[in-house]
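Residue 2 is where the sequence shown starts when you use my numbering, and the numbers rise one by one after that. Single-structure report; data block below.
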Amino acid sequence: MQQQAGLVSPDGYWLWNGTEWVPNPYRPPVVTQWAPPFETARFRASMTTVFLIANAIALGLGILWTVLNIAYIQTPNPDQAF
């Protein structure tokens, strides 16, 4: 049984010339691979600034908490009997 010439394989890479499968010179373009979404430099800079400010605030609150806690611990409690 002979198939008609010009038949293209399902993947598009092979072409039937009437007697054999040959590489398809007219194959469809290769699909590009998936890439992660692109973020602009401005977006990255903005997010970096936001995170740095949030960390600075958290550090400041942590230092303030420590200072207040030390001051609280060092105050004498009049209810304690020695």
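Beta carbons: idealized from backbone N, C-alpha and C, even for Gly.
Distance between ALA55 and LEU69, taken at the CA atoms: about 21 Å. DSSP lists LEU16 as the beta-bridge partner residues of VAL9. Annotation: GLU40 to PHE52 spans about 17 Å, alpha carbon to alpha carbon.
For the 8 Å CB-CB criterion, ASN25 and GLY7 do not form a contact. Residue range 22 to 24 is occupied by the beta strand (DSSP E) that includes VAL23.
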